[in-house]
Structure formats: C-alpha cells, structure tokens
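Taking our numbering as reference, the numbering of the sequence shown is continuous, increasing by one, and the terminal residue is 219.
Here the structure comes first, spelled out in structure tokens, and everything after it is commentary.
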Amino acid sequence: MKNFIYKLCIPLLTILMIQTESFASSWTCHFAELTRNVVIFYPNEPATLPCKVYYTKPKENVMPRTLWNAEHDNTYCDRKAIELLNTLESKGWQCSRDNDQ
C-alpha cells in the first residue's frame with residue numbers, strides 16, 4: 119500500500135514543480151523538526167481559476183492532500199491558504215513564503 123501511495127505522490131509533486139503554463143504560490147512552515155508546506159496551484163496562470171490548495175508533510179511520508187479548490191471564486195484559495203497559515207502560526211509554527219515558481 120505504501121508503494122502505491124508513493125507512486126501516486128510522485129506525479130502530483132512533478133505537476134506542481136513543472137514550470138510550464140502553471141503557477142504556484144507556496145509557503146514552508148517549521149516547528150521543531152517538523153515541516154509543513156502549503157501550496158496554491160493555478161493550472162491556467164495567469165488566470166486565478168481554477169485553483170487548488172495543497173498541504174504536505176514532507177518529512178513524514180504523508181501523501182499531499184488537496185484541502186480546498188475553487189472554480190468560481192477567485193479569492194477563495196488565497197483566503198483559505200492564509201487562514202491555514204494563520205492557524206499554524208498561532209500554534210507556534212514559523213511560516214515563510216517560498217519563491218514563486
């Protein structure tokens with residue numbers, strides 16, 4: 119089962135990293151030895167719709183999760199990602215924005 123999850127994870131991360139006609143805003147958060155990543159993915163950049171917010175735990179071998187997505191509200195993904203970042207920071211996480219891809 120773990121091999122299956124990892125095989126699914128690789129294509130997803132590859133899609134997020136490819137610099138083609140897509141764009142992602144991302145943040146990395148640290149707490150002790152733990153890391154969290156929050157990514158807003160815009161597959162049709164420069165359009166902000168559709169969008170998806172991904173949440174990953176890279177050092178814990180957990181498959182990335184899509185927390186939110188939108189097709190009609192162009193501020194939804196940004197709002198939800200910022201809310202998540204604020205929640206993490208309120209619990210002691212240190213978050214910083216990564217370079218945009």
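In this text, a Cβ means the ideal position worked out from N, Cα and C, and glycines have one as well.
Since the structure is predicted, the reported quantities are computational estimates derived from the model, not experimental observations.
| request: Going by DSSP, name the residue or residues bridged to A142. | output: A142 pairs with F159.
With the cut-off set at 8 Å, would you say Y172 and T166 are in Cβ contact? Not a contact, by the Cβ cut-off of 8 Å.
Does the region 193-201 touch the region 175-183, meaning 3 or more C-beta pairs lie closer than 8 Å? No contact exists between the region 175-183 and the region 193-201.
Drop a sphere of 10 angstroms on the beta-carbon of S208, count the other beta-carbons inside from all chains shown, and report buried for 16 or more, exposed for fewer.
Exposed: under 16 other Cβ atoms inside 10 Å.
- prompt: Does the ligand HEM have a heavy atom nearer than 7 Å to the CB of V156?
  reply: For the structure depicted, the ligand HEM is absent and the ligand set is empty, with no information on it obtainable.
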